Structure formats: C-alpha cells, structure tokens
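One structure is given here, and the rest of the page talks about it.
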Amino acid sequence: MMQKSLCLSTLLLLFVHAWTQRLPIIPQPQSHTLNEGYFDLDAKPELQYKESNGKVAQKAISLLKDWNKTNYSESSRSENIIRLGIASKEDLAFKGKGVGLDEFPAEGYILSIHQDEILILGKSDAGMLYGLYSFLQLAQAYSAKGRIPCMEILDYPLFEHRAVMDDISRGPLSNMDFLKKQIRRLSRLKINSFSFYIEHVVKTKKHPAFAPEDGLSPKEFLELSTYAEAYHVKLIGSFQSLGHFRNILRSPDYKDLGASDRMLRPADPEALKFLTEVYGEMIPSFSSEFFNINADEAWDLVRGESKALADSIGAGSLFARHVNPLLAYVQQQNKKPMIWGDMLLSYPDILDKIPRETTILTWDYAARDSFSDWIDPIAEKGFDFWVCPGVLNSNLMMPNWEVTRKNLKNFISEGYRKGARGVMTTVWDDGGGHFFSKDWYGIAYAADQSWKPANSRQEEFDQRFGAVYYQDEEALFAKCLTVLNKLKDLAPSQELLYAFLSKRILSPIGQSHQIASPGFSELGSLLDQAKDLLTKLETKRQENGDMLWFDDLDYWQFFIRHLGAILESNQELIKLAEKYRAAQKLKSEGNPEYLQSLRSCHFKVSSLLDHWKALKMDYRRLWLKENRNYWLEEASAVFDDKIEDLISLKSLLSFALQMPQSQGLPDPAAVRLDISQSPHSFFTFWLLADPIPFTAEKEFEKDYLAELGGELKARPTPYDWLKYQSPYMDKIDLKEINTNNTPYIQYVYCQISSPKEEQIFAEVRSDLPFDFILNGKKSLGQKDRILLDLKAGPNQLILKLKIPPNSQQFSMHIPDKEVRNKKQRYRLLE
492 MMQKSLCLST LLLLFVHAWT QRLPIIPQPQ SHTLNEGYFD LDAKPELQYK ESNGKVAQKA
552 ISLLKDWNKT NYSESSRSEN IIRLGIASKE DLAFKGKGVG LDEFPAEGYI LSIHQDEILI
612 LGKSDAGMLY GLYSFLQLAQ AYSAKGRIPC MEILDYPLFE HRAVMDDISR GPLSNMDFLK
672 KQIRRLSRLK INSFSFYIEH VVKTKKHPAF APEDGLSPKE FLELSTYAEA YHVKLIGSFQ
732 SLGHFRNILR SPDYKDLGAS DRMLRPADPE ALKFLTEVYG EMIPSFSSEF FNINADEAWD
792 LVRGESKALA DSIGAGSLFA RHVNPLLAYV QQQNKKPMIW GDMLLSYPDI LDKIPRETTI
852 LTWDYAARDS FSDWIDPIAE KGFDFWVCPG VLNSNLMMPN WEVTRKNLKN FISEGYRKGA
912 RGVMTTVWDD GGGHFFSKDW YGIAYAADQS WKPANSRQEE FDQRFGAVYY QDEEALFAKC
972 LTVLNKLKDL APSQELLYAF LSKRILSPIG QSHQIASPGF SELGSLLDQA KDLLTKLETK
1032 RQENGDMLWF DDLDYWQFFI RHLGAILESN QELIKLAEKY RAAQKLKSEG NPEYLQSLRS
1092 CHFKVSSLLD HWKALKMDYR RLWLKENRNY WLEEASAVFD DKIEDLISLK SLLSFALQMP
1152 QSQGLPDPAA VRLDISQSPH SFFTFWLLAD PIPFTAEKEF EKDYLAELGG ELKARPTPYD
1212 WLKYQSPYMD KIDLKEINTN NTPYIQYVYC QISSPKEEQI FAEVRSDLPF DFILNGKKSL
1272 GQKDRILLDL KAGPNQLILK LKIPPNSQQF SMHIPDKEVR NKKQRYRLLE
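Residue numbers (our numbering): 492 to 1321.
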C-alpha cells in the first residue's frame, strides 16, 4: 500500500502553516500554503518544458496551450513563465522541502504559483498532468477575479488505484464519442482506471451471435485503451462469468450452457471453454494489469439443476470449481484476476480455495456507518482488495444523493484504514433509461474521497464543485440536487423509483382509472424550486471547451420537464374527466353547449399529445449524444405508452364529436375518461410466483410452495419469483403478464414494515377469491378488506388468488396510512 512506501506524517507536517481554507480543486490536494501576491491570469507566459515523447506529457502541453489560447515559442521573451516537467531531486529538495525522490509518490506533483512563474512538476508524466489539472481548475475558478493567489501545493493520492466502472449492459450502451468524453473527464478528476460491467454487449469474432447489432468490439476497446494513454487512464477489462447470464442464454446458440435461465452451468467444460474464448479476444484490448471475471450474485448455485451438486460438495466448493480455471486463465494471459466479493462473503470457505493473487472487489451501496462485514473477512485472509461503493441508479430516476454520499465517504474511508489497495466506484444502470451525464456530481465526490479519504464537509465540497465546473460560488447545482433528492420522500415517486416515469396515464377502454394523488402538490413545488436554481445557473453557461460541464444541465433540465409533464398530464386528465361528464349531461339535456366542452377536451388532449411527442424527441436526442441505438426503443417506452394513450383518447373524443345530436355520449369508461382522484397509495409492486393451473375447486386448498418451505414459511426473493411492477397507479392487471384464458392460482408476495405493533385494515378491491398469509398465519380474505395483525418491523404477506379467465385485476391499499415502498418492500410511516 501507499502507506508502506511513504511516511505520510512527514509529508503532512511539511506544511505546518497550511492555510485552512479549501482550494477550488477536485480532488482536494493533500496540503498547501498561501503566499503573498497573485498571478495575473491575463498574462501571456512563456512555456518551458522538458523534452518528452510520452503521450501524457504531450497532452499536458496541448492542454496548457489550449487554456491560454497562445502560440508559445522559445523566443516569446515573456516576463512570465510556466515551467512544466518531471521533478528532479533538486526540485524536491527545494520545493518539496527535502522530500526524497524515491519516497515521493509516482502520481505526486508540486504546483508552485508565483507572481511571475507557474511551476508544475510531477514525479512522473502522470503527476505532471495532475498538477496541470489542478492549475487549470484554479484558473477556471478564479477566472472572474482575473488572478490566482500565489501558493505552494504538494499533492499525491492516498489510493494507488482509483477506478470508475460504468454498467453498459442493462440499458444504455455508450457510443465512442461519449466513451472518450468519459475518459477525458475521469482524467481531470485524477481517476486512473476505467472499467465496464459487461454481459452480452461485446461482439467477438468467435462468438458474435449473442451481442446486439451495435455491440462493442474488442477493436473498439483497443482504440479506447490507446486513446486513454494520453490521459493516464488504464482500461480494466471484464466479462460476466456465471450469474447474470440471461441475455446470453436467450440466444439459441448458448441456451444449452445454462443451469437456469440466468446462470451458466457451473464448472461445465463447455461453459468454461466459451468463457476463455471470449476472454482470449477481450484481454489484449485492455491496457490495465487487471481483468475482472465478475461472477457476482450467482444465487442459482443452490437452486434448481445445481442444487444437488451444491448440497453434495458444498456451494463454496462448486463456486471455486467454476472460477478457479478462469482466474488461472487470466493469470496465464499476464493479467491480475479480479472477482466481485459477494459470493465469497456468502460462502467464506471460497476464500481458502481461490488463488491468492486474486484481487477481491467488495461492494455494497447502502448508507452505513460501518462496512466491517464487507471488509474484515477479506482483509483477515490477506487478499488484495478494493472497496466498491456506488453512484446507484438501479431502477431509480436519479441517484439518492444522501445515500450515495454517505456510502462513498464511509466505505472509502474505512477501506483505506483497513488496507484496501484501490477504489472502484460503480455506476449501475439496470432500469434501462438513465443518462450517465446525471452522475458526474457523484463521480466527482467519489474522486475526491478516493484521492483523500474522509475529506471535507459536504457544504465545502459543493462549493468547490460549483466553482470548478460552473464558475458558481453559490453551489447552485448542489442545491438543485438537494431539492430534487426530496422527491424520495413523496408518495408518487416512491423512493425515486424509475417506475414513476413508466406509469400509464390511462387505463384500458372500459376500465376505471384512479390517480393516486398524495404528494402531487409537493412534487410541483419541488420541481419549481429546482427549475429556478438551474435557471440561475444557466445564466453562467458559456463556451469554454471541456473545462466547464454546462452541457450536463441539459439532462437535468430535461428530467425536470419530464416529471413536470407527468404531473401536468395527471392533473389535466382529472379535469378532462370532469369536463367530459359535464358534456355528457349537457347533451342528455339537449344543450348544444356540450360541443364546446367536447372540443375543449379534444384541444387539451392534442396539446398534451404534442408535448409528449416533443419530450420523446428531446429524450432521443439526448440519448444519442451518449449512447448507441441499442436499447433506445425500450428506453423510449415511457414516452410511447403515454403517446399511445393520448392518441387513443384523442380518437375516441373525435368519434364522440361526430356522434348525432340525438344520440347520447358514450360512458366515460368507453372513452377512457372514467378517471377519479384517490387519496391512497396503492400496492403496485409484488413478487409473483409462476401461475398454477387448476380445474377443480378442491385444488385451491393445496399448498404449492413446498420448495420454499410451504405457504406458512415461504419467504420469496426476487431470485425465486418474478418482480412485477404494475404499469397502473391503482391496480394489478395480471392479464398484462399472463394471457392464459384458463383458471389458475396466483401467489403474490410483499413485505410490510410497521413502526409499531398494530391491527389495521387493508382494502382489497377485487372479485377474485383469495386467502392471505401474514407472518405464517393463514386467513380467509373477506370481500373488500383484510385485517392485518402487524408486528413492529418487517411483516411477510402472501396473497393466494384464484384467477378466473374473465377477471384478473386486484388492487390493495391501506386507508389512513402513508405508505412508501422500494419495490416489493413497503413501509408504513408514523
């Protein structure tokens, strides 16, 4: 570790008179002192540098010239000088106050700013580049003042490896321009490794069949590795190697390799051959010394086809049988193998069975005070390990910044104290429609912590972030994120779940539609506040190359417009339903004014339709700035559904306008306007078992959950049952996922956490017969409601529904209770 080669206490004591104010630099330097005087930013200094053929050195020179927009020459005879180069023993003896060249970190640098000279010296080309980045950030932050205070900075990273991983397999698949933009930005944050989570999106020569048409090729990864050299960024290769294999196993050419629909057959010779062939094409394209085989969340190891063998030899032994040949192959290719740590922590005997040369990536994304359970078992075994916090977008509209910041700060800090060799900040995109441009604040915070763990107060980081990237001393951007983060507390957005964006705004023809309205007024207020903050920040937008990140504002502004369109549509549809009923009454009374009401409805629907079409076009434009065409149609579905609903409603209203005056208007449900406002939050996310056909009434009494311990003991997980989020605010319509017209039994499961022990009624609206099982006690459901005898803490609820062919809907809510949920886990508020 860095601590073993460097006496940190010596370096930190070099600047005993260090100024306490933080510099507008990200990541924050280890130490600095301010001196008298200023360097004039309008000066045209002469550039002096040591000759170097290195790509990093040449890039540093290019960036510096670009900053000052000056053509330098040795004969400029300027009174001001910028000296750029590699630190010598003499430099360190003078500027480094006696620090020896050998003990100075490889990525360390000295930045010395005087009235007539800027000195940027690195222990290596990388250190020189990092020193330049710090100077350019200072120049950007102080540009309005026109001068930078004179100062001395001695800086170096405390983590040797500082990586970011981008999930490119569960939705967005970045285009080459954006991947290069990521590399440039990561370099400016002094991130030195970039990786990708890869399942099926790589197109190899031997195995092209499973990849999408515009999947990334090893040739493209090689191009990126070469491009990244000048920015001192190494690309870490990876390929999923056991679980999370559904996308590949869907391909007819590979389905026989699966032990289940989502996991390879562990230790199967054909599966291992397939993996090493893919590795063989990928590994040469990546510049890092590491290669990650992933192998996380392989929970089917103890289920289905693999269960018997796992029971016989132990799940840990079976896992090791699978990964050991892969880890050995990576070493044979002169790479250091990496593996995610979750399966190793679940089955600790694996730690005694895998090669000691393996680097373990231990991950968790919660806002914990301690991560000892994720660090200590690995550290005690003596493995090299990296901590892997996250800027988590999984099924979310945006990261929860409170959770993200605490996770990053505490996990990285504890990892440093306990000997982690590196940090890999993960960005997960499962959910399908997220933009990476909304993650840069979290990436910058992670970079800050990875360079200098447990660094700075949050308010102080926000000020630095604003000054460096938006020339904003008021931290307007961070304030905007704080406002938007309050969405997590509102019922409609349900912990920021992406599902809020995908809800249908109308029910099918002939059905009623309830709009769950709790929190809608607060939603509008938060969006207005966030919009005002971004409007103030927008006034600072200007052309300034790659230094400023104003283009990210486009993504946040779109996000606010998108949420605003959902709010407006629901509010207007409630009004349209009332207006349509009024028109229906007027026509029944023979009053010709009904036509004016209908035309008004038709005009409003047309306006909403145009708005959603424009939003979709903007979304696609932003998508293609970052990504390839892959997954665009799936991601656009949140717009297509609403556009489809509004086209249908517009057509139905057109039909109503053309009806003879002697004929009454259709019922509201017939034109999809049987809409009402509900004060309740409905349970619309459940885990669903596979449907069970039945032909005789007595079959309903059978217990079909033997594999989970029986109905009374069953505690389903997303690995056992299907995760299902209803597209409607007010109900579950099982016909959306099961088109079978024969009777069947359907089990559905959720968890309800209560702050205290209490008995409450849940209203269940359905014509379906059902039983319910709460905490292992089975009761017969009564029409319209069930009595829930809740204990304090988590409660397990299973509904057993008898589904006839003609009716497959049910809904559930708890009156007079505020409810929040994260997927199938619901909680009652006090």
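By construction, the Cβ of each residue, glycine as well, lies at the ideal position given by its N, Cα and C atoms.
Owing to the predicted nature of the structure, the values given are computational and were not obtained by experimental measurement.
Query                                                                                                           : Result
N-terminal and C-terminal residue of the alpha helix (DSSP H) that Ala762 is part of                            : Pro760 to Met773
Cβ shell of Glu1117 (< 8 Å), same chain only, five flanking positions each side left out                        : Pro663, Ser665, Asn666, Phe669, Phe926, Phe927 and Ser928
Within the region 614-661, ranges of the alpha helix (DSSP H) (whole runs, at least 4 residues)                 : 616-632
Per-residue DSSP class, three states only, for Leu1137                                                          : helix
DSSP-derived helix/strand/coil call for Asn666                                                                  : coil
Near the ligand HEM: Ile644 beta-carbon under 8 Å from a heavy atom                                             : You won't find the ligand HEM in this model; it holds no ligand whatsoever.
Cβ-based neighbour list, Gln1075, same chain, cut-off 6 Å, excluding 5 preceding and 5 following                : Leu1156
Asp1101 (DSSP reduced to helix, strand or coil)                                                                 : helix
Under the three-state DSSP convention, the category Val692 falls into                                           : coil
Local conformation of Val724 per DSSP, three classes                                                            : coil
Start-to-end residues for the alpha helix (DSSP H) that takes in Ile869                                         : Ser863 to Glu871
Presumed contact (8 Å Cβ cut-off) between Leu1028 and Leu1017, rounded CB distance                              : So it is not a contact: roughly 17 Å between Cβ atoms.
Gly734 and Ala786 closer than 9 Å at C-beta                                                                     : yes
Beta bridge counterpart(s) of Leu1290 as assigned by DSSP                                                       : Val1239 and Phe1263
Cβ-based burial, Ser1270 [other Cβ within 10 Å; buried from 16]                                                 : exposed
Enclosing alpha helix (DSSP H) for Ala1042 [first to last residue]                                              : Reading off the sequence, residue 1042 comes out as Asp, not Ala. Element bounds for Asp1042: n/a, residue is neither H nor E.
Candidates Thr849, Leu514, Thr916 and Glu704, of which the one nearest Asp658 by Cα                             : Thr916
Unbroken stretches of the alpha helix (DSSP H), 4 residues or longer, contained in the region 874-945           : 892-908 and 931-942
Rounded Cβ spacing between Ile934 and Leu680 (contact assumed at less than 8 Å)                                 : 7 Å
Asn1231 classed as buried or exposed, judged by whether at least 16 other C-beta atoms fall within 10 angstroms : exposed
Straight-line Cα distance separating Ser686 from Glu788                                                         : 19 Å
Bridge partners - Trp854, DSSP secondary structure assignment                                                   : Cys879
Bounding residues of the alpha helix (DSSP H) (the contiguous stretch that carries Thr1186)                     : Per DSSP, Thr1186 belongs to no alpha helix (DSSP H) and is neither H nor E.
Same chain only: Cβ atoms within 7 Å of Lys1193, ignoring 5 sequence neighbours per side                        : none
Separation of Asp1275 from Lys1293, as counted between CA atoms                                                 : 15 Å
For Asp930 and Pro983, believed in contact at Cβ under 8 Å, the rounded distance                                : The Cβ separation is near 23 Å, so there is no contact.
The alpha helix (DSSP H) enclosing Trp831, as first and last residue numbers                                    : Here Trp831 belongs to no alpha helix (DSSP H); instead the beta strand (DSSP E) covers Lys827 to Trp831.
Assumed close pair Ile1264, Arg1163 - CB separation to whole angstroms, cut-off 8 Å                             : Their Cβ separation, rounded to whole angstroms, is 36 Å, which puts Ile1264 and Arg1163 out of contact at 8 Å.
Boundaries (first-last residue) of the beta strand (DSSP E) holding Asn1312                                     : Val1310 to Lys1313
Cβ-based burial, Gly913 [other Cβ within 10 Å; buried from 16]                                                  : buried
Asp1258 burial status per 10 Å Cβ neighbour count (16 or more: buried)                                          : exposed
Exposure of Glu690, with buried meaning 16 or more beta-carbon neighbours within 10 Å                           : buried
Inter-residue CB distance, Asn901 and Arg859 (contact presumed, cutoff 8 Å)                                     : 6 Å
Straight-line gap, Ile1305 to Phe1252 (C-alpha atoms, nearest Å)                                                : 7 Å
Segment contact flag, the region 517-535 with the region 602-611, C-beta cutoff 8 Å, min 3 pairs                : yes
DSSP beta-bridge partners of Arg1316                                                                            : Gln1242 and Lys1313
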